[in-house]
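Worksheet: the structure to be examined is printed underneath.
Number of protein chains: 2
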Amino acid sequence: MKRSLAVVVALLLALAFSTLALASGPFVGEPKEEYYMVTFVSGIEYWKGCFAGMEDAAQLLGVKAIYTGAPQADVNQQVTVLEQVIAKSPAGIAVTCSNPDGLRAPIDKAIEAGIPVVTFDADSPLSKRYCYLGTGNYNAGAMAARYLAGLIGGKGEVAISTVTGQLNHEERKAGFIDTLAREYPNVKVVATGNDNNDQTIAATLVAGFLQAHPNLSGIFCTDALGGVGAATSVREAGKAGIVRIVSFDTDQGTLDLINEGIIDASIAQGTWNMGYWSMLMLFSVRHDLVKPVEGWQTKGINPLPGVVDTGTNVVTKENVEAFYVK
Amino acid sequence: MKRSLAVVVALLLALAFSTLALASGPFVGEPKEEYYMVTFVSGIEYWKGCFAGMEDAAQLLGVKAIYTGAPQADVNQQVTVLEQVIAKSPAGIAVTCSNPDGLRAPIDKAIEAGIPVVTFDADSPLSKRYCYLGTGNYNAGAMAARYLAGLIGGKGEVAISTVTGQLNHEERKAGFIDTLAREYPNVKVVATGNDNNDQTIAATLVAGFLQAHPNLSGIFCTDALGGVGAATSVREAGKAGIVRIVSFDTDQGTLDLINEGIIDASIAQGTWNMGYWSMLMLFSVRHDLVKPVEGWQTKGINPLPGVVDTGTNVVTKENVEAFYVK
Chain A
-4 MKRSLAVVVA LLLALAFSTL ALASGPFVGE PKEEYYMVTF VSGIEYWKGC FAGMEDAAQL
56 LGVKAIYTGA PQADVNQQVT VLEQVIAKSP AGIAVTCSNP DGLRAPIDKA IEAGIPVVTF
116 DADSPLSKRY CYLGTGNYNA GAMAARYLAG LIGGKGEVAI STVTGQLNHE ERKAGFIDTL
176 AREYPNVKVV ATGNDNNDQT IAATLVAGFL QAHPNLSGIF CTDALGGVGA ATSVREAGKA
236 GIVRIVSFDT DQGTLDLINE GIIDASIAQG TWNMGYWSML MLFSVRHDLV KPVEGWQTKG
296 INPLPGVVDT GTNVVTKENV EAFYVK
Chain B
-4 MKRSLAVVVA LLLALAFSTL ALASGPFVGE PKEEYYMVTF VSGIEYWKGC FAGMEDAAQL
56 LGVKAIYTGA PQADVNQQVT VLEQVIAKSP AGIAVTCSNP DGLRAPIDKA IEAGIPVVTF
116 DADSPLSKRY CYLGTGNYNA GAMAARYLAG LIGGKGEVAI STVTGQLNHE ERKAGFIDTL
176 AREYPNVKVV ATGNDNNDQT IAATLVAGFL QAHPNLSGIF CTDALGGVGA ATSVREAGKA
236 GIVRIVSFDT DQGTLDLINE GIIDASIAQG TWNMGYWSML MLFSVRHDLV KPVEGWQTKG
296 INPLPGVVDT GTNVVTKENV EAFYVK
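Chains as they are written, first to last, in the numbering used here: chain A, -4 to 321; chain B, -4 to 321.
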C-alpha cells in the first residue's frame, strides 16, 4: 500500500516536473502576459500581415498578443485608445503612429511607467520608444528602380505615379530616381505626377502620361491604388505588356493584376517581420534578457537597436500565390 | 520488489520527462548546435562586445557560440577562415566583412548550402546575406552634433578630426555637419582634418586647429584614437574643459579620459546588440520560426529584415563605469 502511494507520488512528480520545465525557459512567458498592437484605420487589410507576425511570435513565446486601434486616421482618437491600453499595464506595446508628434506624450508615459514600447510602420522619432521597425522606403524605391530597369532592358522612358508631399512616398520616389541616375543612365524619368492614393486620379494621370509620351516603356507606382489605376489606363490604351508596371504593396487588387500579367511586379513590405521582431524585442526587454550594458535602466541607455529596416521583396507572377492573405 | 522497481521507473520517467520538456520549446536549441562569429583583426577589444551579445543569446537559447577570425585585416586570410567555418556545416554564421566584395562569394556559397548568414558591423551588401546589423553612422554623427552643440550652448566654432575616404567615417562626418546646419545654425564647422585613425597624427592635427582658431569651443572625433590624440593637444594647450571633445567608441583610453573630464562624451556603438540580435535571427531561421510568407525558401523571399541599425548611446562621466569591459 505504501509502495503504491510512492508510485503515485512519483508519477505526480513526473507530471509536475515536466509542466514546470515547459514553462521555465528564458523564452517562455506566462499565458496571462499581454502584449498589445495599436494601429489607426484599424480595419484595413494592411495591418493583418503585421499582427500575424506578432501573433506567431506570441504563440512561440507562450504569451498573448492583442490587436486594437483607432477606427479612423484620427490622432486624438488613437491617443485615447493608447491611453486605455496603457491603463491596463500590459507587458509591452507595439504602436504605429498616425502622427509622429501626437503620439509622443502617451508613448513617453508608457516608457516611464516601465512598459516597453516599440513603434512600427510609422514612427514617432522624438518619443522615447526603444525601437522603430518599418520599411526603409528609400531602399524600397531603389529595389523598384532596379527591377523596372531590368524589365525594359536597361534603357527607355519611365514615369512615376506617387503621393506628393507624404514622406514615405517621397522617399520611395527619391530612391527610385537616384538609383536610375546612378546605375541606369539610359533610363530617363520623363514624367512624375500625384495620384493622391486614389485609383481614379491615378488612371487619369497615367492616361495623360501615355498620351504625352508615346515611347513610354515603364511606370513606377509608389502606392497600391496608383498601381491599380495605372493598370486600367495601360490596358485601355492597348499597351498591356508593352508599358511595364512596378507597383507597391500586396492588396488583393494588385495581386490579381500580377496574376493577369498587367502589373509586372510589386514591392512587398515586410509586414510580418514588423510584428514578429516587435514581439521578440518587447519580450526580450520585459524578461530582462537584453543587457547592452549592465544597469541600462538607470543610465539613459536604450536597451534595443534604434531602427530595423524590415525589408522588401519583389512580388511577381512566379511567387504571387504566397502573398495572398490566408 | 516489483513495487520498488515501479518507483525507480516512475522516478526515471520524471527525469526523462523534465529533460524532454526542457529541450522542447521553440526557442531551445541543441547544445551541439554551433553558431560562428567570424571577424578580421580578430584580436582587438572591439569585437569582444559583439561576441558577448552573441554568447549571452546563445546561452539563453541553449546553443553554442564560437568565435574565430583572421588575425589581420587581410581579405584573403578572412576568406580562408570563412571557408573553413563553412566546411563544418555550422547552424549559422555572423560575419563582419574586411571587404564587401571579397567576402561575397563565400557568403553566397554558405547561403546556397542552407547555412543562414548575417553580416554585422561591416556589410557585404551585394551578397545573399539575410540581414546586416550595424551602426547607422549618419545617425551616430547626428547624435554627436546634438550633444556637442548642447555642451557649447548652441553657438560657437567647432572642428572635426576624421578618417578621410573611409565610408563609415564619412557618414559620421556628414550626419554631424548636416545636423548642425539644420538644427544649430549658430554652430560653425571651421576646420576638418584627416587623422588617419592615428593618435599622433590626431594630436598634431588638433594642435593646428587650436592655433588657427583661438575661439574654437568644440571638437568631434569620428574615431577613438583621434579622440585620445585630440585630448592630448587640448590638455597641453591648457584648454581642457574649455574646448569640449565628443569622441567615438569605448576603448579603455577613451573611457579613462572621460573619467578624467578631458573628453566630455563618446558615442558608443551597439556592439552587444549586434551579437544578440544576430544570434536570435540565425536561430529563428535555423529553427524555421520565421515565416514572412509560406515557402519563402523556394520563392526568392528574404526570411529576415534587411538592415538593423543597432543604435548608439552617449557615454559621459555619469554612465562611463557601465562601459568598461568586465
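Note that the Cβ used here is the ideal one computed from N, Cα and C, for glycine as well.
Task: Coarse secondary structure for I110(B), derived from DSSP in three states - done: Position 115 of the second sequence, counted from the first residue, corresponds to residue 110(B). Three-state DSSP puts I110(B) in coil, outside helix and strand.
- [ ] Give me the Cα-Cα distance between N189(B) and T159(B), rounded to the nearest whole angstrom.
- [x] To locate residue 189(B), count along the second sequence from 1; it is residue 194. To locate residue 159(B), count along the second sequence from 1; it is residue 164. Each residue's Cα considered, the two are about 5 angstroms apart.
TODO: Might you give, ordered along the chain, the residues of its own chain that have their beta carbon closer than 6 angstroms to the beta carbon of V280(B), omitting 5 neighbours on each side?
DONE: In the second sequence, the residue the question calls residue 280(B) occupies position 285. Here the set comprises P111, P298.
Task: Buried or exposed by the 16-neighbour rule on C-beta atoms within 10 Å, applied to A82(A) - done: Translated into positions along the first sequence, residue 82(A) becomes position 87. Under this definition A82(A) is an exposed residue.
Open item on the list: Whole angstroms are fine: how far does the CA of G129(B) sit from the CA of V302(B)?
Closed with: Locating residue 302(B) in the second sequence gives position 307, where the first residue counts as 1. Locating residue 129(B) in the second sequence gives position 134, where the first residue counts as 1. Taking the straight line from one Cα to the other gives about 8 angstroms.
Task: L55(A) at chain B interface by Cβ criterion, 8 angstroms - done: The residue given as residue 55(A) occupies position 60 in the first sequence. Taking Cβ atoms only, chain B reaches closer than 8 angstroms to L55(A), which makes this a yes.
Task: Start-to-end residues for the beta strand (DSSP E) that takes in T307(B) - done: The residue given as residue 307(B) occupies position 312 in the second sequence. Unbroken beta strand (DSSP E) run through T307(B): 307 to 310.
- [ ] Assign T167(A) to one of three DSSP states: helix, strand, or coil.
- [x] Your numbering for residue 167(A) matches position 172 in the first sequence. The identity of residue 167(A) in the sequence shown is Arg, whereas the question assumes Thr. Helix, per DSSP.
Open item on the list: Suppose you measure from the CA of M269(A) to the CA of A198(B); what does that come to, to the nearest Å?
Closed with: Locating residue 269(A) in the first sequence gives position 274, counting from the first residue. Locating residue 198(B) in the second sequence gives position 203, counting from the first residue. Looking at the two C-alpha atoms, the distance is approximately 46 angstroms.
Open item on the list: 8 angstroms is my cut-off, CB to CB: does A169(B) come that close to chain A?
Closed with: Locating residue 169(B) in the second sequence gives position 174, counting from the first residue. It does not; no Cβ of chain A falls within 8 angstroms.
Open item on the list: I'd like the list of long-range same chain contacts for E107(B), defined as Cβ closer than 8 angstroms, with 5 residues on each side in sequence excluded.
Closed with: Residue 107(B) sits at position 112 when you count from the first residue of the second sequence. Same-chain partners within the cutoff: K123.
Task: Where K286(A) meets chain B, residues with beta-carbon distance less than 8 angstroms - done: Taking the first sequence and counting its residues from 1, the one referred to as residue 286(A) is at position 291. Neighbours of K286(A) on chain B, chain order: D51, W267.
TODO: Give me the Cα-Cα distance between K294(A) and V241(B), rounded to the nearest whole angstrom.
DONE: Counted from its first residue, the first sequence places residue 294(A) at position 299. Counted from its first residue, the second sequence places residue 241(B) at position 246. Cα-Cα distance, rounded: 18 angstroms.
- [ ] Spell out the partners DSSP gives N189(B) in its beta bridges.
- [x] Against the second sequence, residue 189(B) aligns to sequence position 194. Answer is T157(B).
TODO: Under 6 angstroms Cβ to Cβ from A18(A), same chain only, skipping five residues before and after it: list those, please.
DONE: For the purposes of this step, residue 18(A) is identified with residue 23 of the first sequence, where counting begins at 1. Any reading at A18(A) must be qualified, since the residue scores a pLDDT of 46, below 50, and its modelled position is unreliable; the value itself is stated next. Cβ within range, chain order: n/a, list empty.
- [ ] Scan the region 69 to 101 of chain B for residues whose Cβ lies nearer than 7 angstroms to a Cβ of chain A and list them as they occur along the chain.
- [x] Within the region 69 to 101 of chain B, no residue places its CB atom closer than 7 angstroms to a CB of chain A.
TODO: Measure how close the beta-carbons of A144(A) and V182(A) come, nearest whole angstrom, since I'm counting them as under 8 angstroms.
DONE: Taking the first sequence and counting its residues from 1, one reaches residue 144(A) at position 149. Taking the first sequence and counting its residues from 1, one reaches residue 182(A) at position 187. That belief holds up - the Cβ atoms of A144(A) and V182(A) are roughly 5 angstroms apart, short of 8 angstroms.
Open item on the list: Distance check for V310(A) and V70(A), CA to CA, integer angstroms please.
Closed with: Translated into positions along the first sequence, residue 70(A) becomes position 75. Translated into positions along the first sequence, residue 310(A) becomes position 315. Between V70(A) and V310(A), the C-alpha separation is close to 33 angstroms.
- [ ] With DSSP as the reference, label Q264(A) as helix, strand or coil.
- [x] Indexing the first sequence from 1 puts residue 264(A) at position 269. Here Q264(A) sits in strand by DSSP.
Open item on the list: So, with DSSP's three-state summary, where would you put F318(B)?
Closed with: The count along the second sequence starts at 1 and reaches residue 318(B) at position 323. Correct three-state label for F318(B): helix.
TODO: Using a Cβ cut-off of 8 angstroms (strictly closer), state whether D251(A) contacts chain B.
DONE: Walking along the first sequence from the start, residue 251(A) turns up at place 256. Closer than 8 angstroms: no.
- [ ] Check whether the Cβ atoms of D304(B) and P120(A) lie closer than 8 angstroms to each other.
- [x] Against the second sequence, residue 304(B) aligns to sequence position 309. Against the first sequence, residue 120(A) aligns to sequence position 125. No. Outside cutoff.
Task: Proximal chain B residues relative to A317(A), where beta-carbon distance stays under 8 angstroms - done: Your numbering for residue 317(A) matches position 322 in the first sequence. In chain order: V288, E289, G290, W291, K294, I296.
Open item on the list: Considering Cα atoms alone, identify which of K43(B), T63(B), P21(B) is closest to L55(B).
Closed with: By one-based count along the second sequence, residue 55(B) stands at place 60. Of K43(B), T63(B), P21(B), the residue nearest in Cα terms is P21(B).
TODO: Would you identify the three-state DSSP class for C92(B), choosing helix, strand or coil?
DONE: By one-based count along the second sequence, residue 92(B) stands at place 97. In the structure shown, C92(B) sits in coil (DSSP, three-state: anything other than H, G, I, E or B).
Task: Alpha-carbon to alpha-carbon, Q264(A) and T307(A) - done: What you label residue 307(A) is simply residue 312 of the first sequence in a count that begins at 1. What you label residue 264(A) is simply residue 269 of the first sequence in a count that begins at 1. C-alpha separation (whole angstroms): 5 angstroms.
TODO: Report yes or no: is there a C-beta of chain B within less than 8 angstroms of the C-beta of N308(A)?
DONE: Counting from 1 along the first sequence, the entry for residue 308(A) is found at position 313. Taking Cβ atoms only, chain B reaches closer than 8 angstroms to N308(A), which makes this a yes.
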